[in-house]
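Novice:
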Amino acid sequence: DARVTQTPRHKVTEMGQEVTMRCQPILGHNTVFWYRQTMMQGLELLAYFRNRAPLDDSGMPKDRFSAEMPDATLATLKIQPSEPRDSAVYFCASGTDKFTDTQYFGPGTRLTVL
Amino acid sequence: RKEVEQDPGPFNVPEGATVAFNCTYSNSASQSFFWYRQDCRKEPKLLMSVYSSGNEDGRFTAQLNRASQYISLLIRDSKLSDSATYLCVVTPTGGFKTIFGAGTRLFVKA
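Sequence order for the protein chains is A and B. Read in my numbering, the first sequence has 49 at position 65, and its numbers run on one by one without any break. Read in my numbering, the second sequence has 28 at position 22, and its numbers run on one by one without any break.
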């Protein structure tokens, strides 16, 4: 049963520290999405990639967030420096390049910035 | 106005009840529509896609009304296990910029 994996599952850090979240998409999927979920804002799309190329990262705070796909099996989301308002659950999802197809979500990284 | 709007609920219904959720979207050029389910502290999972002709999967029925720009989800014979948050999802034509609604919480009680 193919699944999207994310690490770490939980992260507690102090304000100002760098945070790196990793995602391994389902093998064969060529689109990868990063979402952030909070109680106040719900699920927000931060960035997405197709064939490892960033298509849209307009949902991401540019000054502190960066997303990359070093290879087809790894996507990363970095926050530097982190702030308490970044506390949220960050989900990675992957899918095919048919926008009518579903996205498969990973279990998420629960980030707390103190 | 939000691009995708849902009644946050919560909907509290007894087992066996029929419950319906609506979701409205603002972009008339939207192409793909889905309902996802999210359990507490879990990731969203696809419940069903929504087609123009409507579709049914067991106790669940989804419908799309393009003229009025809304989609609906009907759950018949509610089970305790249906308790979750139901997320309406819309994708624009030719794109991947998926937009999630804030979700509708459902509690099914014995």
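Where is the CB? At the ideal position from N, CA and C, for every residue including glycine. Note that the coordinates shown come from a computational prediction; the quantities given were computed from them, not determined experimentally.
Across which residues does DSSP place Ile63 (chain A) in a beta bridge pair?
Specialist: Looking at the DSSP assignment, Ile63 (chain A) forms a beta bridge with A:Val3, A:Phe49.
Novice: Per DSSP, what are the beta-bridge partners of Arg94 (chain A) in this structure?
Specialist: In DSSP, Arg94 (chain A) forms a bridge with A:His(-6), A:Val73.
Novice: Would you mind giving the Cβ-Cβ distance between Lys(-5) (chain A) and Val3 (chain A), rounded to the nearest angstrom? I have them listed as a contact below 8 Å.
Specialist: About 6 Å separates the two Cβ atoms, so the contact holds.
Novice: For Lys85 (chain B) and Thr24 (chain B), what's the separation of their Cα atoms in angstroms?
Specialist: If you take the alpha carbons of Lys85 (chain B) and Thr24 (chain B), they lie about 10 Å apart.
Novice: Is Thr104 (chain B) near Phe33 (chain A), with beta carbons less than 8 Å apart?
Specialist: Cβ atoms of Thr104 (chain B) and Phe33 (chain A): not closer than 8 Å.
Novice: For the region 22 to 42 of chain A, which residues have a beta carbon sitting closer than 9 Å to at least one beta carbon of chain B?
Specialist: If the cut-off is 9 Å between Cβ atoms, the region 22 to 42 of chain A has Gln25, Gly26, Leu27, Glu28, Leu29, Tyr32, Arg34, Leu39, Asp40, Ser42 near chain B.
Novice: Please tell me whether Thr104 (chain B) has its Cβ less than 8 Å away from any Cβ of chain A.
Specialist: Cβ-Cβ to chain A under 8 Å: yes for Thr104 (chain B).
Novice: For Glu(-2) (chain A), I'd like the list of residues in its chain whose CB is within less than 6 Å of its CB, leaving aside the five on either flank, ordered along the chain.
Specialist: Taken in chain order, the residues that qualify are Leu98.
Novice: For Leu11 (chain A), which option in A:Pro68, A:Gly92, A:Ala59 has the closest C-alpha, if you only look at C-alpha atoms?
Specialist: Closest by alpha carbon: A:Ala59.
Novice: For chain A, check one thing: does any of its Cβ atoms lie closer than 8 Å to the Cβ of Lys85 (chain B)?
Specialist: With 8 Å as the cut-off, Lys85 (chain B) does not count as an interface residue toward chain A.
Novice: What would DSSP say about Leu11 (chain A), mapped onto helix, strand or coil?
Specialist: Leu11 (chain A): coil per DSSP, three-state reduction.
Novice: If distances are taken between C-alpha atoms only, which option among A:Gln25, A:Arg(-7), A:Thr22, A:Leu29 comes closest to Ser78 (chain A)?
Specialist: When each option's Cα is compared against that of Ser78 (chain A), the closest is A:Leu29.
Novice: Going along chain A, which residues have a C-beta under 7 Å from Phe40 (chain B)?
Specialist: By Cβ distance, chain A contributes Thr86.
Novice: Please confirm if Thr15 (chain A) has its CB atom under 8 Å from at least one CB of chain B.
Specialist: True, the Cβ-Cβ gap to chain B drops below 8 Å.
Novice: Could you please give me the residues that DSSP links to Ala68 (chain B) through a beta bridge?
Specialist: Bridge partners of Ala68 (chain B): B:Asn61, B:Leu79.
Novice: Starting from Cys94 (chain B), trace the beta strand (DSSP E) in both directions and tell me its first and last residue.
Specialist: First-last of the beta strand (DSSP E) with Cys94 (chain B): 90 to 98.
Novice: Mapping the DSSP letters down to three states, classify Pro68 (chain A) as helix, strand or coil.
Specialist: DSSP places Pro68 (chain A) in helix when its eight states are reduced to three.
Novice: Okay, do the region 11 to 22 of chain B and the region 83 to 92 of chain A touch, 3+ Cβ pairs below 8 Å being the bar?
Specialist: Taking 8 Å as the limit for Cβ pairs, the verdict is that the region 83 to 92 of chain A does not touch the region 11 to 22 of chain B.
Novice: Run through chain B and tell me which residues come within less than 8 Å of Phe89 (chain A), C-beta to C-beta.
Specialist: Those are Glu49, Pro50, Lys51, listed as they occur along chain B.
Novice: Using the Cα positions of Tyr76 (chain B) and His13 (chain A), report the straight-line distance between them to the nearest angstrom.
Specialist: Near 30 Å, if we compare the C-alpha coordinates of His13 (chain A) and Tyr76 (chain B).
Novice: Is the distance from the Cβ of Phe75 (chain A) to the Cβ of Gln21 (chain A) below 8 Å?
Specialist: Against a cut-off of 8 Å, the Cβ pair of Gln21 (chain A) and Phe75 (chain A) comes out as a contact.
Novice: Considering just the uninterrupted stretch of the beta strand (DSSP E) at Gln25 (chain A), what are its terminal residues?
Specialist: Element bounds for Gln25 (chain A): n/a, residue is neither H nor E.
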